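> Each residue of the sequence shown is one higher than the one before, counting from 1 in UniProt numbering. Pasting a structure here, questions to come.
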Amino acid sequence: MASPRISATDSQLVRGLLLTCRCVQWPSAVIVLGITSYFTHIGPRGLLSTYLQIISVISVAAFIPAFISPFVSTRFMKEAVLLIDLIFSHLWITGFIFTAIDYNERACFPANPAGVGCPTKFAEEAFVFLTFIFTFFALFFEAIALWLVHREKYAQPARHEKHAHLASQSSHNGTSTTHDNPEEATATPAQAV
């Protein structure tokens with residue numbers, strides 16, 4: 001059974017969705033970096049602020065090659081970006097869990113940094129979630145893109161093209177093929193004897 005062909009539309013759709021994820025993911029990480037840097041500047045440096053600042057700085061740098069990923073179809077690039085997305089999706093979900101616990105489990109206003117309004121803390125929490133969820137979506141679409149690259153590389157030629165090539169060779173040699181039906185089975189060595 002022949003596998004279905006990959007259309008250019010499939011590849012373009014995955015590229016578009018991947019680029020959309022990247023266009024939300026990177027600015028969200030930059031916004032988290034800005035809010036967290038503001039918290040670090042005005043208040044005591046808590047564990048959450050330090051953690052979010054570290055992963056947002058590294059994410060801003062690591063997500064830049066991911067912008068190239070939708071336009072490059074090499075397996076190495078896809079695998080490297082897939083690994084980056086896998087690692088950072090775990091880091092960002094951890095950051096989201098910590099912000100949700102700090103800002104929602106108990107009173108928001110006294111949470112570190114104390115004195116900063118709850119809307120700013122909730123904005124940080126929202127952008128941490130956006131960064132996580134779009135990193136997770138990008139991981140999913142990057143896996144599909146890697147599968148498409150792998151499938152295009154190892155796709156088998158269609159049967160009718162192969163038999164058309166054999167028919168053209170036999171017509172050039174002046175011979176005719178004995179098998180007009182390409183689906184007909186060929187003889188095994190035991191049957192030939």
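By construction, the Cβ of each residue, glycine as well, lies at the ideal position given by its N, Cα and C atoms. Bear in mind the structure is a predicted one, so any value in this text is a computation, not a measurement.
Identify which residue in 51, 66, 46, 53 has its Cα closest to the Cα of residue 139.
On the sequence shown, position 139 is the one that residue 139 refers to. Per the Cα distances, 66.
> Give the straight-line distance between the Cα atoms of residue 89 and residue 132, rounded to the nearest whole angstrom.
Numbered from its first residue, the sequence shown carries residue 89 at position 89. Numbered from its first residue, the sequence shown carries residue 132 at position 132. Answer to the nearest angstrom: the Cα atoms are 6 Å apart.
> For residue 108, name the three-state secondary structure that DSSP assigns.
For the purposes of this step, residue 108 is identified with residue 108 of the sequence shown, where counting begins at 1. Here residue 108 sits in coil by DSSP.
> Name the residue from 52, 145, 80 whose alpha carbon lies nearest to the alpha carbon of residue 97.
Stepping through the sequence shown from its first residue, residue 97 is reached at position 97. Nearest of 52, 145, 80 to residue 97, Cα basis: 52.
> Taking all protein chains shown into account, decide if residue 23 is buried (16 or more other Cβ within 10 angstroms of its Cβ) or exposed.
Counted from its first residue, the sequence shown places residue 23 at position 23. Residue 23 comes out exposed.
> Residue 81 lies in the alpha helix (DSSP H); which residues open and close that run?
As a working mapping, residue 81 is identified with position 81 in the sequence shown. From DSSP, the alpha helix (DSSP H) with residue 81 extends over 75-100.
> Counting only the same chain and skipping the five closest in sequence on each side, list residues whose C-beta sits under 6 Å from that of residue 112.
If you number the sequence shown from 1, residue 112 lands on position 112. Closer than 6 Å at Cβ, skipping near neighbours: 46.
> Starting from the C-beta of residue 26, find all residues in its chain whose C-beta is less than 6 Å away, skip the five residues before and the five after it, and write them out in chain order.
To locate residue 26, count along the sequence shown from 1; it is residue 26. Here the set comprises 63.
> Would you call the segment 118-137 in contact with the segment 90-109, where contact means no fewer than 3 C-beta pairs closer than 8 Å?
Touching, yes.
> Report the option in 77, 35, 19 whose CA atom is closest to the CA atom of residue 122.
Translated into positions along the sequence shown, residue 122 becomes position 122. The option with the nearest alpha carbon to residue 122 is 35.
> Suppose the cutoff is 8 Å on Cβ atoms and the five residues either side in sequence are ignored; what does the same chain contact list for residue 55 look like?
The residue you call residue 55 lines up with position 55 of the sequence shown. Once the five neighbours on either side are set aside, the close Cβ partners of residue 55 are 88, 91, 92, 95.
> So, helix, strand or coil for residue 45, using DSSP?
In the sequence shown, residue 45 corresponds to position 45, counting from 1. Residue state, collapsed to three classes: coil.
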